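**Student:** There's a structure below that I have some questions on.
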């Protein structure tokens, strides 16, 4: 049970109030003056983008002989950005991401992401569809074939970001920006009536450009019902461990990321510093959930990281990232002895622009986990398992246009 779970009458009123507020925002947005529309007969402006990529790995896993070596399934995407009128735009992403959820099969070309933007004013936009939900503000993130914004291969073991059915209010004024989101778990749209409401997620973010070389941000996410926030937190599409006979990975694929508590609330702060030729990211956060699985135990974790990129030339760069997650829950506090509740990962690599729009990355990665102990969740934050500690080499070739 999450600490955000409230009584049924109050919860119903809160759900109604949330839906009413965002419905009102949509109504206001649709009241844009007619003169803001395009001239009669003028067609919408459409920009297409194509993303293609394939990656490979050779990963040695602690406790297993040999290495897990081979090629990941190729990923591809076709995106259309449409300006329907002066105040109405949208983005449609058709992608194939066969490794997204840890297996080698499934997930053929499909609508991976779609948003509809209604510009209420110069600094205010209402976005509906499957908006990005998360607490990352500045760092690049690899998602399917869209990887060139991330200087390294794959993501950290504790990235708080995904997308879900919902609506988002986006605002900016000068160097200040914010967004407020109400959404459901990816792939779901309605709350349930069984055993209490599953509720929705509420997410708020704010950023501020302190100077030309410094930006700071902060965010908070919470669940209003009994449903957990299914944020993506790992690299099941970029680092695959212990493949089975038929190419499936089952739970072993999950051991590439931390099992952060996601049924209560999560907060994160971050900063980006960009003194040329350096690009530095700093971030840290705290996740907490109370009365996990209807027990008296609470789960909590602190996480943080440091990432850096340095441009050696216009077509060559060096990059590195260090991330640590520390278990702060009752399970480790009550464990006998002095267990190590840390999960750490370091990745360092290079990026080479072979030709225009073609990027080759090569990196080395190593991850270590803490000790095994019982947890109220059944899985501690550090996911202790033989597959949790690994080291190896990754390569990635991507085209983006």
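Numbering (my numbering), first residue to last: 294 to 694. Yeah, the Cβ is synthetic: ideal placement off N, Cα and C, and Gly gets one too. Computed from a predicted model, the values in this text were never measured in an experiment.
Report the rounded CA-to-CA distance for residue 682 versus residue 552, giving the unit in angstroms.
**Tutor:** Answer to the nearest angstrom: the Cα atoms are 15 angstroms apart.
**Student:** Could you give the distance in angstroms between the alpha-carbon of residue 690 and the alpha-carbon of residue 649?
**Tutor:** If you take the alpha carbons of residue 690 and residue 649, they lie about 13 angstroms apart.
**Student:** If I follow the unbroken beta strand (DSSP E) through residue 408, where does it start and stop?
**Tutor:** Here the beta strand (DSSP E) through residue 408 covers 403-414.
**Student:** Mapping the DSSP letters down to three states, classify residue 396 as helix, strand or coil.
**Tutor:** Only weak support exists for where residue 396 lies, its pLDDT of 46 falling under 50; the value from the coordinates is given anyway. Residue 396: coil per DSSP, three-state reduction.
**Student:** Does the count of Cβ pairs from the region 569-581 and the region 590-607 closer than 8 angstroms reach three?
**Tutor:** Output reads yes: the region 590-607 touches the region 569-581.
**Student:** Note down, in chain order, each residue of its chain lying with its Cβ closer than 6 angstroms to the Cβ of residue 410, except the 5 sequence neighbours on either side.
**Tutor:** Counting only Cβ-Cβ distances below 6 angstroms, and skipping sequence neighbours, we find 382, 418, 420.
**Student:** Please name the residue, chosen from 514, 531, 549, 582, that lies closest to residue 429 on a Cα-to-Cα basis.
**Tutor:** Taking only the C-alpha atoms, the option nearest residue 429 is 514.
**Student:** Does DSSP put residue 692 in a helix, a strand or coil?
**Tutor:** It is a strand residue.
**Student:** Can you give me the C-alpha to C-alpha distance between residue 352 and residue 414, rounded to a whole angstrom?
**Tutor:** Cα-Cα distance, rounded: 50 angstroms.
**Student:** Give me the Cα-Cα distance between residue 339 and residue 384, rounded to the nearest whole angstrom.
**Tutor:** Computed Cα separation, rounded: 10 angstroms.
**Student:** What residue from 412, 434, 408 has the CA that sits closest to residue 457's CA?
**Tutor:** The shortest C-alpha separation from residue 457 is found at 408.
**Student:** Whose C-beta lies closer than 6 angstroms to the C-beta of residue 610 among residues of the same chain, with five residues either side of it excluded?
**Tutor:** So the qualifying residues of the chain are 602, 604, 644.
**Student:** Can you tell me whether residue 636 is buried or exposed? The criterion is at least 16 other CB atoms within 10 Å of its CB, across all chains shown.
**Tutor:** Residue 636 is buried by the Cβ-count criterion.
**Student:** With 16 as the cutoff for other CB atoms within 10 Å, does residue 596 come out buried or exposed?
**Tutor:** Looking at its Cβ environment, which holds 16 or more other Cβ atoms inside 10 Å, residue 596 is buried.
**Student:** Tell me where the beta strand (DSSP E) around residue 439 begins and ends.
**Tutor:** Note, residue 439: premise wrong, no beta strand (DSSP E); not H, not E.
**Student:** Below 8 angstroms, can you find three or more Cβ-Cβ pairs linking the region 443-454 to the region 465-473?
**Tutor:** In short, these stretches do not touch, since the Cβ pair count stays below three.
**Student:** Looking at the unbroken beta strand (DSSP E) that takes in residue 506, where does it start and where does it end?
**Tutor:** Premise fails: residue 506 is in no beta strand (DSSP E) and is neither H nor E.
**Student:** Quick one, which of 380, 531, 476, 493 has its alpha-carbon nearest residue 439's?
**Tutor:** The shortest Cα separation from residue 439 among 380, 531, 476, 493 belongs to 531.
**Student:** Give the straight-line distance between the Cα atoms of residue 374 and residue 606, rounded to the nearest whole angstrom.
**Tutor:** Those two C-alpha atoms are separated by around 31 angstroms.
**Student:** Could you have a look at residue 549 and say whether DSSP puts it in helix, strand or coil?
**Tutor:** Three-state result, residue 549: helix.
**Student:** Could you tell me the boundaries of the beta strand (DSSP E) in which residue 336 lies?
**Tutor:** Taken as a continuous stretch (DSSP letters only), residue 336 belongs to no beta strand (DSSP E), as it is neither H nor E.
**Student:** Please work out which residues of its chain come closer than 6 angstroms, Cβ to Cβ, to residue 507, disregarding the five sequence neighbours upstream and downstream, and give them in chain order.
**Tutor:** Answer for residue 507: 566, listed in chain order.
**Student:** For a test of the three-state rule: what should DSSP assign to residue 341, helix, strand or coil?
**Tutor:** The answer is strand: DSSP assigns residue 341 an E or B state.
**Student:** Under the rule that 16 or more other beta-carbon atoms within 10 Å means buried, what is residue 328, buried or exposed?
**Tutor:** With a pLDDT of only 41 at residue 328, under the threshold of 50, the placement of this residue in the model should not be trusted; the figure read from the coordinates follows. Exposed is the call here.
**Student:** Look up residue 583 in the DSSP assignment and say whether it is helix, strand or coil.
**Tutor:** It is coil, neither helix nor strand.
**Student:** On the DSSP bridge assignment, give the partners of residue 719 in chain order.
**Tutor:** For the chain, the structure presents residues 294 to 694; residue 719 sits outside this window and is missing.
**Student:** Round the Cβ separation of residue 692 and residue 345 to the nearest angstrom and send it over; I've been treating them as touching at under 8 angstroms.
**Tutor:** The Cβ separation is near 5 angstroms, so the contact holds.
**Student:** Measuring only the C-alpha atoms, how far is residue 380 from residue 436?
**Tutor:** Rounded to the nearest angstrom, the two C-alpha atoms are 28 angstroms apart.
**Student:** Which residues in the same chain as residue 431 place their Cβ atom closer than 7 angstroms to its Cβ, once the five residues preceding and following it in sequence are excluded?
**Tutor:** Excluding positions up to five away in sequence, the list reads 508, 510, 563, 565, 574.
**Student:** Which residues mark the beginning and the end of the beta strand (DSSP E) in which residue 637 is found?
**Tutor:** Taken as a continuous stretch (DSSP letters only), the beta strand (DSSP E) holding residue 637 covers 635-648.
**Student:** Pick helix, strand or coil for residue 493, following the three-state DSSP scheme.
**Tutor:** Residue state, collapsed to three classes: coil.
**Student:** Just the Cα atoms here: how many angstroms apart are residue 359 and residue 685?
**Tutor:** Computed Cα separation, rounded: 11 angstroms.
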